[in-house]
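Residue numbering for the first sequence follows my numbering, beginning at -12 and increasing consecutively.
In what follows, a structure is listed as structure tokens, so that the remarks can point back to it.
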Amino acid sequence: MQPLNIFWFRRDLRLNDNCGLYKALKESEPVLAVFIFDTNILSQLEDKNDGRVDFIHSSVSQLKTELEKRGSSLLIEVGKPQEVYQKLFDEYNIKAIYTNHDYEPYAQKRDDEIKALAQNKGAQFFTFKDQVIFEKDEVLKPNGEPYTVYTPYMKMWKQKLTEKGTKSFDTTPLLNNFFNAQPFALPTIEDIGFEKTGVTIPPTNASIDLLENYKQTRDYPATKGTSKLSVHLRFGTISIRQLVKKALEASDTFLNELIWREFYMMILWHFPHVIDGAFKPQYNHIQWRNNEQEFKAWCEGKTGIPIVDAGMRELNKTGYMHNRVRMIVASFLTKNLLIDWRWGEAYFAKKLLDFELASNNGGWQWAAGTGCDAAPYFRVFNPTLQTQKFDPEGKYIKKWVPELNSLEYPQPIVDLSSSRKRALQVYKEALSDEGVHA
DNA sequence: TGAAATGTTGGGGCG
DNA sequence: ACGCCCCAACATTTC
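What follows is the structure, given as structure tokens:
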């Protein structure tokens, strides 16, 4: 049987500028490209109408077409990676598996298992840095400890990038050393237990052009000011190196957003307790009210606070929410409603197309004031003032809450002023008595 | 990447 | 002309 190497696509659904793929193609063995719909992950998704699965499915289908133009194909499997590889080792003469680093706890465990399996079969398992510029241990304080404050991290990150230069970001031509194969079957989205959602994905080129004015326009949810590139970054349909090159030319503010992403990935790695608790443990004593009905109203965009409802409806309808509005709805949930930030985090995890564990967790802890380098707890957003500042003509609100001026629109579920005072009180108590009443 | 409460200043109305 | 008061505008402090 002809020896070959596998390249395993996961969060890097592109041929161009894909580090692990390029490494694999340089070897003498031909490369068989593989994608697995991982049922360990898919079975966790309650809603079978999930835009992310749809997005992955169409990206994978596109990859397959591109590979078929090159006389190869993409082998698409559905199942648990462990079992899939067990089968592939029986079917093919696999010398090595190439893939890109994946950092989240589940991914680490999965890759450890596959590596062990490969070694068991006398094959090798190689992984490469691809989805970030600097990994968890590449930007550290001079004493070798991880940063816990963004600004000094960001400065060091930029310094490291200057030292490194961006020459290494230039892409080389894709070698055509793919395994010669007839087209493999493409499972339909129904085959993997999901539905078509009609998800719309913003084109990357138009988004990149917006970066010129990013700083001026990004805070105004009614204008096309944000990049909407997050979903492409999430699934690797765009390369971080290309994006950083663009950011260096076009917008330092946007570059800072990319650095926030790596900051939170670094935090998650070094401080895994943030996954289910506050970064600062004293904030684990907050007496959340956790009113189920108020939570439901928040989820559905029926709080009676127009900017909050607009944001939640945008999320529910499109799988996306403008970043300024994410901060507003998060402040409202955690402070005005005193609902546990983890509830909001979990809801975003279900709904956001661009959901990324580290950034979502970091963002929620920032808003709740529980995180590293978070907003201080007494910083409570006033939705009315935020609307005056960032949606003064009410365009964004009208788009998502058309019944605003009719009788159908509900009264606010809380009074903004008194709920703000209540939040200050509850947070203060949690921090002063360390939760002795808990 | 906040907002409210409190403090300070200075112009103008007015006796 | 002068002092007093009011209050808007701005600054600082507090949460």
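The beta carbon of each residue, even a glycine, is placed where N, CA and C say it ideally should be.
- By the Cβ neighbour-count rule, T374 is buried, with 16 or more other Cβ atoms within 10 Å of its own.
- As computed with DSSP, Y364 is found in no beta bridge at all.
- It is roughly 9 Å from the alpha-carbon of K376 to the alpha-carbon of Y207.
- One alpha carbon belongs to S238, the other to V312, and they sit about 21 Å apart.
- Excluding its 5 nearest sequence neighbours in each direction, T138 has no C-beta neighbour in its own chain below 7 Å.
- A Cβ-Cβ contact shorter than 8 Å links A354 with S318.
- Taking 8 Å as the upper bound for CB-CB distance, L325 and R276 are in contact here, some 4 Å apart.
- In this chain, the beta strand (DSSP E) harbouring Q111 covers Q111 to F115.
- Sequence-distant partners of P363 (beyond 5 residues in either direction) whose C-beta falls short of 8 Å from its own C-beta, in its chain, are G356.
- Taking the Cα positions, C359 is about 9 Å away from I254.
- G223 carries a coil assignment under DSSP once its states are collapsed to helix, strand and coil.
- In the DSSP assignment, N(-8) is bridged to V18 and A83.
- Put simply, the region 112 to 129 touches the region 220 to 232. At least three CB pairs are less than 8 Å apart.
- Sorting P174, P160 and N271 by C-alpha distance to the C-alpha of A417 places N271 at the top.
- Taking a C-beta distance under 8 Å as the contact criterion, I84 and F22 do not qualify as a contact pair.
- Beta bridge pairing from DSSP links G331 with no other residue.
- Classified as exposed, H260 has fewer than 16 neighbouring CB atoms from the shown chains inside 10 Å of its CB.
- DSSP lists V65 as the beta-bridge partner residues of F24.
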